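Below is one structure; the comments refer to it alone.
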Amino acid sequence: MSTLEFFLAGTLSAATVFLLAALGELVVEKSGLLNLGVEGMMAVSAAVGFVVTFETGSHIWGFALAGLSGVVISMVFAVVAITFLANQVATGLAVGIMGLGLSALIGREYESRTITSPADLVIPYLSDLPLLGPVLFQQNIVVYLTFLLAVVIGYTLTHTRLGLAIRSVGEQPSAAHALGFPVYLIRYATVAFGGLLAGFAGAYASTIYTPLWADGMIAGRGWIAVALVVFGTWKTGRVAFGALLFGMISLGELIAQSMGARIPSQLLSSLPYIVTIIVLAMISTNKARMKLHAPFSLGEVYDGSEGR
Amino acid sequence: MQLRFEKRLHQSKIMLLAAPFIAIALSVVLSCILLVVLKKPILLTFHSFFIAPFENFYSITEIFLKFGPLLLIAQALAVGFRAKIWNIGAEGQMVIGAIAASAVPVYFVDSTSGWLLPAMIVLGALGGMAWAAIAAFLRTQFNANEILVTLMLTSIALQLLYFLLLGPWKDPMGFNFPQTVMFQDEALFPALFSGVRLNVSIIFPILFTIAVWLFMEKHYGGYKLVVGGLAPSAAGYAGFSSKKAVWGSLLLAGFAAGIAGMSEVAGPIGQLQRSMTSGYGYSAIIVAYLGALNPIGIVFAAFFLAVLHIGGDVALVSAGLPISAVHIFQGMILIFYLSAYAFVNYRLRVVQPVTQPDSAVSS
Amino acid sequence: MPSVEPVSADSEPLLSLRNITKAYPSVVANDSINLDVHAGSIHAILGENGAGKSTLMKLAYGVVEPDSGEILWRNKPVDLRSTAAARKLGIGMVFQHFSLFETLSVVENISLTMPGSRKKLARRIAQVGADYDLHVDPAASVHSLSVGERQRVEIIRCLMQDLKLLILDEPTSVLPPQHVSSLFAALRKLRDNGVAILFISHKLEEIRALCDSATILRGGKVAATVNPNEKTAHELATLMIGHDIPQVEARANQVDLNKPLLELSAVSVKSSDPFGTDLKNINLSVHAGEIVGVAGVSGNGQQELSRLISGEHVETSAAFDCIRMMDKPVTYLGAVDRRQLGFAFVPEERLGRGAVPPMSLSKNSLLTASDKGMHRKGFLNKPRMDEFTQHCIKEFDVRCGGVEAEATSLSGGNLQKFIVGRELSLQPKLLFLSQPTWGVDIGAATAIRQRLLDLRDAGVAILVISEELEELFEITDRVYVIRSGTLSPSLVTSDVTPNDIGKYMIGEQQQASVTGGSHAT
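Here you go:
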């Protein structure tokens, strides 16, 4: 593989972690909830995914239980923020703090252990294409499924009745209730879906992307996923583009090292965070556009009262 | 029969006081289950957490050593939270405060001047404020979400810390450990009693608490911030500047976190090193909430979490309890607190079925 | 209490409420309500603000559940636990504040509750629209529609199901006079097709014109069930509020035309809200000793205009003296500075803008009256705050639990009296009110209007934005009409009729032909 091929293929793979988590958060936010616990959910399921894969040797079991653990953690958020009407920012942070602790606890016997990552799915003929072949057609199956999922979610949100229902709940929950939508049920479902995808993202990070357990390995990627939703102004295509961009940036450290550049590694490690801040500022500065695209009731508590 | 939350006409003062205790009680119950799963001795663990920290004088001074930074940062964060300005990067502001303060002893290794400590205090405060100012600037000028910005800034601050400790500021005689030189005595706060680490910097959180209490309860400025948090449109109508609120609460938090970071390196640690923050920046968020964002409540909450920090250290040794269990416990307390808080503004009401249980008749 | 047989209906009622009670923490909204609605008739629910009309309708549509009592559909008990259950029975509702989603198109909104592909739905929308003269573009985004068009969408949405009962909550309060008659025509056509209609209103004349029977609510209870055609407006009013509608005493008035206290000259503002209305070339003046009104259908720029005048929005791109107050340029001044010049403002939203909901009245005084000695070097003077608040409560007859009562614990009318009282206690030279009597009971509304007239006579300049034409005709000396962000010329109120104003509201009247005398300002 040439450096360029390696770089581009790596970008897709790195982007998958961001994209999975961001897609989940996108759906959650479309229904009007802000779940800041993504980092914590990813951390827990990364640990669960790693431990299960390590013990069973099966990536499928690893993913399944990681997804399940993501759902379980997300339900903690749902119960507190939806049923107990708590402030969503604080609830998300609490779930995040608890998740990081749980992750360390689950993975503490496995520090620095490794597992083998599964073989890539090589698509016959297409993978022989120059450049495109190794980049697009020699990836893990999760990479293909994630980008397929992005298309499905984008279509569902904009073109189906289910998508309309989710958006209406995120715009004006009281009006959606008046029209007969089960607001609480829809919100529980989106949060669970977000937890599932965060779980998969964590499992992908710990069992396929870097199949090695180290405490704190999610390293802010959950937060970047939250930022990606803002970056993409709540549109699936732009979120996917953002995920690719950040996938590329997160490879910066590897690339610079391979090219022998003498840049402090700490600066390269900071790069994703610095870019997040700059991009966030650039996107957010147009207040009218943010207001136009953001779900109208994002982050607001809905207590079911009619506001007589 | 169904249960529903119904808004109360007035906040329940009893629930407001009871919520933290309910949260702690529920967390303790749930932790017992966790301890059983981990096969750890329950009684010994609780002894380590809630009794051992009070068993000797040294240990009690250690509680207050943790109490200081938690109180200082939580008071400042609570001001912002009441104005709905979500600074969750106190950890980073603390790091930068510590770095800025450390520059003095790092560059004036041999100085014995009496100005060392005052200079460090000023630089620590300015460092923390400068770091918070980035978030304030981006929020007011570019509308950038301060939650994400302060968080990202924390990651960047840590990378800066590692860069300095591995590079230019590394102690040349330090066997290649990522840490600076040990600071000279003139750059350290004097201990309150001989033989303990608790030092005079405890005065900062105490003075700060009084100032914050006066500001929030008795001052027009605090009132403006609270209005901005409760009803942004009302603040706009009254003419209170939302930009000033953002700047004010972020700079206040940067100031407090900077002083806290400075007090750590000029206190118990005595040098700049990797794990200098002890996670105070995050724990302070829990303290702020558990104290109901109230300056007096926060004093008790900070004390409780300080005990938890010390108890965690004891339990690590005595019961082999991993430190991550303490983090889980902290997260649990906040989760239960937020749930219990629902009963402050709402009450549960039983909804009776209106007619016979059959659903709508189809006509 | 006479019970009247409906005019044209079969003997079996379609929907019956039996002893329905619904209490909220602060008030019993509905107290043992009994009500029958028959197919092929228009039944009015009449009552003043706070009488429990909206709650009753939400009960009938399954949005809220009663605490006790029984709902019957064709004499069989039903469990109206959700709006879906209500719709399944053939009940449709048009809300006062519409339940449409701004970011979605008309057809998307309708497809939220109707099965079928969007193409088919679009065709049916056009079909139903043609049948009832309710035209609307299915592909249009809701945020681009006028209030009247949004109402049409809601009605069409109801008509597209197998509609047996249509509920309308204050449907005329948002319409210009001209559009009211076409709405009524559509409703009569529906009635003739056998649909039952529940029509909620507090306007006596339109109920007499339209409805076959009326249930009158007072304080959450049924005061009477009558045939409105057989009653005079006076009799209905007496049933509704227990006595005759109080009238404000108007007096002849002297305007000091040499003393403009508010002047806007050629101001244009781009709305910061993506769904808002841009203001174009606004010219407006208010003089000492006059009340000037701004009429118009909501959503035509009133929000933007009020924020511009109040100083909540400072337009930095405008010329520095294009807004003047008390003869000083204030374009770049914020709300606090304008207040110091003698300006006071009563916004339309009481909770959350005019008052901070969970705070005490005393602390709510501090919101705008801080300069009345309420702090010294920033430290609050609680006795002064309480004293000021107590004065407002007494002077303006605010019924509340004292200075420590939370703003949320007050009824709409009492909170409005408090806010108006607070602003008047600032002794303003220029007073600006937006929707001063929205959702306020008749007693409080009359008191507020009387107060405004007294102030005018004392030489205060007053600007009132209102959607209630009756109110503007009652108190103003001049009116402007706002439409799509532009203002009509100034009209002398006594020279024009509601219909003239209505023409400006819907854009039929162009600048050139002014029926009433407009005077140059």
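Note that the protein sequences, when read in sequence, are chains A, B and C. For the first sequence, this note's numbering gives the first residue as 1, with consecutive numbering after it. For the second sequence, this note's numbering gives the first residue as 1001, with consecutive numbering after it. For the third sequence, this note's numbering gives the first residue as 2001, with consecutive numbering after it. Just so it is clear, CB atoms sit at the ideal spot from N, CA and C, and this is done for glycine as well. Since we're looking at a predicted model, the values are computed, not measured.
Within the segment 1094–1176 of chain B, the alpha helix (DSSP H) runs of at least 4 residues that lie entirely inside it are, in chain order, 1116–1142 and 1146–1166.
For the segment 278–298 of chain A, the beta-carbon criterion of a distance under 8 Å to any beta-carbon of chain C is satisfied by 287, 288, 289, 291, 292 and 296. In the structure shown, the three-state DSSP call for residue 1209(B) is helix. Taking residue 2141(C) as reference, the option from 2132(C), 2096(C), 2130(C) and 2153(C) with the minimal CA-CA separation is 2153(C). For residue 87(A), the closest Cβ of chain B is nearer than 8 Å. Here residue 19(A) really is in contact with residue 243(A); their C-beta atoms are around 4 Å apart, less than 8 Å. The three-state secondary structure of residue 266(A), taken from DSSP, is helix. With respect to the 8 Å criterion, residue 204(A) and residue 16(A) are classified as neighbours on the basis of their beta carbons. A straight line joining the alpha-carbon of residue 2453(C) with that of residue 2117(C) spans about 56 Å. The beta carbon of residue 2191(C) sits closer than 7 Å to those of 2040, 2041, 2042 and 2197, all from its chain and outside the five residues before and after it, given in chain order. For residue 2364(C), the enclosing alpha helix (DSSP H) stretches over residues 2361–2369. In the structure shown, the three-state DSSP call for residue 1039(B) is coil. In the three-state DSSP reduction, residue 2092(C) falls in the strand class (E or B).
When 9 Å is used as the limit between beta carbons, residue 171(A) is near these residues of chain C: 2101, 2102, 2103 and 2104, in chain order. By the 16-neighbour rule on beta-carbons within 10 angstroms, residue 162(A) is exposed.
Contact annotation: residue 1272(B) and residue 1099(B) have beta-carbon atoms nearer than 8 Å. In the structure shown, residue 1224(B) adopts helical secondary structure according to DSSP, grouped into three states. Excluding residues up to 5 positions away in sequence, 121 lie with their Cβ nearer than 8 Å to the Cβ of residue 144(A) in the same chain. The continuous alpha helix (DSSP H) containing residue 287(A) extends over residues 287–293. Within the same chain, 2285 and 2287 come within 6 Å of residue 2260(C) by CB-CB distance, once the 5 residues on both sides are set aside. Excluding five sequence positions before and after residue 1006(B), the CB atoms of its chain that fall closer than 8 Å to its own CB belong to 1346, 1347, 1348 and 1349, given in chain order. Residue contact check for residue 95(A) against chain B: a CB pair falls below 8 Å. Not one beta carbon of chain A lies nearer than 8 Å to the beta carbon of residue 2067(C).
About 14 Å separates the CB atoms of residue 40(A) and residue 206(A); that is not less than 8 Å, and the two are not in contact. For residue 1254(B), the closest C-alpha among the options 1112(B), 1337(B), 1096(B) and 1304(B) is that of 1096(B).
Put simply, of 2263(C), 2458(C), 2390(C) and 2433(C) the residue whose alpha carbon is nearest the alpha carbon of residue 2326(C) is 2263(C). Using a 10 angstroms sphere on the CB of residue 1027(B), the tally of other CB atoms reaches 16 or more, which defines it as buried. CA-to-CA, the gap between residue 2231(C) and residue 2249(C) works out to about 26 Å. Counted as a single uninterrupted DSSP element, the stretch harbouring residue 2195(C) is not any alpha helix (DSSP H), since DSSP gives it neither H nor E. Annotated as distal: residue 38(A) and residue 192(A), with beta-carbon spacing of 8 Å or more. Cβ contact annotation for residue 1225(B) (same chain, cutoff 6 Å, sequence separation greater than five): 1083 and 1245, in chain order. Contact annotation: residue 2478(C) and residue 2294(C) have beta-carbon atoms that are not nearer than 8 Å. The segment 2417–2445 of chain C is shown to contain whole beta strand (DSSP E) runs of 3 or more residues at 2430–2434, in chain order. Around the CB of residue 2075(C), fewer than 16 other CB atoms lie within 10 Å, so the residue is classed as exposed. A direct Cα-to-Cα measurement between residue 2463(C) and residue 2432(C) gives close to 5 Å.
Here residue 2365(C) is near residue 2388(C), since their CB atoms are less than 8 Å apart.
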